[in-house]
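S.K.: Numbering (this note's numbering), first residue to last: 2 to 220.
For each residue, glycine too, the CB sits at the ideal point set by N, CA and C.
Handing you this structure, nothing more for now.
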Ligand code: SAM
Ligand code: CA
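Following this line, the structure appears as structure tokens:
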């Protein structure tokens, strides 16, 4: 027993999946289809997806934002957790990546909830703010280019209702954030982690799930 977060070796991780993971067949199939992709490591882990889906249900989210779709596993997972009239504005710049996920969104019967916006996410978010959507979203997942995270955070803050939740991915960056930064992505994540720690606009929690996930609840 320990009062520190337990380290997971392969054996224990396998146990965790076997005793907790519940996936829709379309989620499992999309993970399988993404596995051979050269950038397949960008996909969130299935237990992180399941955790996010629980969060979405806990806060009764109806309107969500996703920044960084890739082949669409996290969007699919959130869409499955939303009510029938829920929606997720899914932002990415790659038609090539996002095209891979779309048949799986249809197979799961949730394609109508996922509104894909192929443009730099800052433009999509600014457009949402300009068209009167500030304060109307319940949940946001930030998982695109790391140097833009501060811009995404500010726009998500504007778009969320009080009590809305932002989940920010890769905040532990394979452990690199705890060492002197040697690249822009690491430096950006370090700066974001420090500023969020002190940001009184949010309740925060940094979780060692996946590659590190910070939850920030708009006060
Ligand atoms: N959430 C995804 C999942 O679980 O499968 C993984 C997202 S992947 C880490 C990052 C994605 O961000 C890529 O698909 C990339 O095309 C996208 N991206 C990079 N720069 C972007 C930008 N400026 N605006 C929107 N999306 C961007
Ligand atoms: Ca990620």
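Do three or more CB pairs link the region 130–147 to the region 110–120 at distances below 8 Å?
M.R.: Judged by Cβ distances under 8 Å, the region 130–147 makes no contact with the region 110–120, as fewer than three pairs qualify.
S.K.: With a cut-off of 5 Å, give the chain-ordered residues whose Cβ is closer than this to any heavy atom of ligand 2.
M.R.: My final list is 144, 170, 171.
S.K.: Looking at the unbroken alpha helix (DSSP H) that takes in residue 118, where does it start and where does it end?
M.R.: That residue, residue 118, is in no alpha helix (DSSP H); its beta strand (DSSP E) goes 115–119.
S.K.: Rounded to whole angstroms, what's the CA-CA distance from residue 12 to residue 45? Just pull it up for me.
M.R.: Rounded to the nearest angstrom, the two C-alpha atoms are 20 Å apart.
S.K.: Quick check on the burial criterion: 16 or more other C-beta atoms within 10 angstroms. Buried or exposed for residue 24?
M.R.: Buried, since its Cβ has 16 or more Cβ neighbours within 10 Å.
S.K.: Residue 196 and residue 151 - do their beta-carbons sit closer together than 9 Å?
M.R.: Yes. Within cutoff.
S.K.: For the region 70–89 against the region 41–60, do three or more pairs of beta-carbon atoms, one drawn from each stretch, fall closer than 8 Å, so that the two count as touching?
M.R.: Touching, yes, given that three or more Cβ pairs across the two stretches are closer than 8 Å.
S.K.: Residue range of the beta strand (DSSP E) that residue 207 falls in?
M.R.: Residue 207 -> beta strand (DSSP E) spans 203–208.
S.K.: If you measure from the CB of residue 92, is any heavy atom of ligand 1 nearer than 8 Å?
M.R.: Within the cutoff, so yes.
S.K.: Are the beta-carbon atoms belonging to residue 48 and residue 65 less than 9 Å from one another?
M.R.: Not closer than 9 Å, so no.
S.K.: Counting only the same chain and skipping the five closest in sequence on each side, list residues whose C-beta sits under 6 Å from that of residue 161.
M.R.: So the qualifying residues of the chain are 138, 219.
S.K.: Please state whether the Cβ-Cβ distance between residue 56 and residue 166 is less than 9 Å.
M.R.: It is a contact, given that the beta carbons lie within the stated cut-off.
S.K.: Is residue 111 a contact residue of ligand 1, with contact defined as CB to any heavy atom under 8 Å?
M.R.: No.
S.K.: Do residue 125 and residue 90 count as a contact pair if the criterion is CB distance below 9 Å?
M.R.: Cβ atoms of residue 90 and residue 125: closer than 9 Å.
S.K.: Check the DSSP bridge columns for residue 166 and list the partner residues they point to.
M.R.: According to DSSP, which records beta bridges pairwise, residue 166 is partnered with 140, 218.
S.K.: Whose CA, out of 3, 8, 4, lies closest to the CA of residue 209?
M.R.: It is 8.
S.K.: How far does the beta strand (DSSP E) with residue 85 in it reach, from first residue to last?
M.R.: Careful: residue 85 lies outside any beta strand (DSSP E) and carries neither H nor E.
S.K.: What I want to know is whether the C-beta of residue 67 ends up closer than 8 Å to one or more non-hydrogen atoms of ligand 1.
M.R.: Yes, Cβ of residue 67 sits closer than 8 Å to a heavy atom of ligand 1.
S.K.: With distances taken Cα to Cα, identify the nearest neighbour of residue 134 among 84, 157, 115.
M.R.: It is 157.
S.K.: Apply the 10 Å Cβ neighbour rule to residue 59 and answer buried if 16 or more other Cβ atoms are within range, or exposed otherwise.
M.R.: Burial call: exposed.
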